[in-house]
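Please read the structure below before turning to the comments.
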Amino acid sequence: MKTVDKALSVLDQFSMENTEIGLSELSRMAGLDKAATRRLLVALSKHGFIEQSSDTRKYRLGHGFLRLARIREATVPVTRAAQEVANWLVEQTNETVHVSIPGAQGMTTIAHRLPNRGHVVNIVPSQILYYHATASGLAYLSFASAETANKILSMKREKMTEATVTSKPELRKMTSTFRSQGYSQTRNTFESDVSSIAMPFFQDEHDPAGSIALALPKSDLTDGRRDELLPFLKEAVSRLETALTGLQSS
Numbered sequence: 001m002k003t004v005d006k007a008l009s010v011l012d013q014f015s016m017e018n019t020e021i022g023l024s025e026l027s028r029m030a031g032l033d034k035a036a037t038r039r040l041l042v043a044l045s046k047h048g049f050i051e052q053s054s055d056t057r058k059y060r061l062g063h064g065f066l067r068l069a070r071i072r073e074a075t076v077p078v079t080r081a082a083q084e085v086a087n088w089l090v091e092q093t094n095e096t097v098h099v100s101i102p103g104a105q106g107m108t109t110i111a112h113r114l115p116n117r118g119h120v121v122n123i124v125p126s127q128i129l130y131y132h133a134t135a136s137g138l139a140y141l142s143f144a145s146a147e148t149a150n151k152i153l154s155m156k157r158e159k160m161t162e163a164t165v166t167s168k169p170e171l172r173k174m175t176s177t178f179r180s181q182g183y184s185q186t187r188n189t190f191e192s193d194v195s196s197i198a199m200p201f202f203q204d205e206h207d208p209a210g211s212i213a214l215a216l217p218k219s220d221l222t223d224g225r226r227d228e229l230l231p232f233l234k235e236a237v238s239r240l241e242t243a244l245t246g247l248q249s250s
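Have a look at this one:
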């Protein structure tokens, strides 16, 4: 593993659940020895990407990411547009909405909104939505170019639940079906008792720019309810594509 890969592996361990991590735990999580982890932390600290708490002596993400995030958002204001669309879709459907973009291992949530009622699916924004196990990931995979799809399908896949599909032939069959029907649908594949439907959205690339998904308690996503939700999901995709490209989506 190259030094840059190791540094990124260290950074990947931080999440909303692990905002501060000690050296020993961080080295274990990243699969590196303590000496190598310490060297990487020192290098990342010099550039502001890692900080050490003076109280706990644990490490956390530094201010260096704020500057890059501002530059990224100024260049492609996808987060703001995605949140506006998520807000609109919740108002139309009264269901949990999340918008995600592709990353190394899966999709990353950039916007989400929960309906103002009980018995809904909660969202953990920092959680990786694996390509093979989530409606968001499968929507992306279904509409990705052959090169991108082959790259994703060459990655190691783990079963998140008993219903998670990990077989490459089965995944190819699923994604072919999803591409034909225009949306992905999952049940219990990432979390038990959760069903989801998702559609990809595009900018200028051959691959999707991301996915918009609706997540429901398993028993709520009947065929009838799905058919009610799909037009709103399609309209949400159109709104986001128009916001990002300035072109009216067909």
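Going by the UniProt record's numbering, the residue at position 174 of the sequence shown is 174; the numbering climbs one at a time, nothing skipped. Even glycine gets a Cβ: it sits at the ideal position worked out from N, Cα and C.
In the structure shown, the three-state DSSP call for residue 157 is coil.
Boundaries cannot be given for residue 105, as no beta strand (DSSP E) includes it and DSSP labels it neither H nor E. DSSP, read as helix, strand or coil, puts residue 53 in coil. Comparing C-alpha distances from residue 206 to each of 50, 147, 79 and 6 shows the shortest one belongs to 147. Rounded to the nearest angstrom, the Cβ distance from residue 62 to residue 48 is 5 Å, consistent with a contact under 8 Å.
Annotation: the continuous beta strand (DSSP E) that includes residue 200 extends over 194-201. Taking 8 Å as the cut-off, the beta carbon of residue 196 is found closer than this to the beta carbon of residue 213.
For residue 21, the beta-bridge partners assigned by DSSP are 59. Scanning the region 214-241 from its first residue to its last, no whole beta strand (DSSP E) run of 3-plus residues comes out. Three or more beta-carbon pairs separated by less than 8 Å are not found between the region 217-237 and the region 156-163, which leaves the two stretches without contact. Judged by DSSP secondary structure, residue 185 falls within the beta strand (DSSP E) whose first and last residues are 184-187.
Within the model, the alpha-carbon separation for residue 7 versus residue 68 is close to 17 Å. If you look at residue 131, you'll find it isn't in any alpha helix (DSSP H); DSSP assigns it neither H nor E. Taken through DSSP and simplified to helix, strand or coil, residue 111 comes out as strand.
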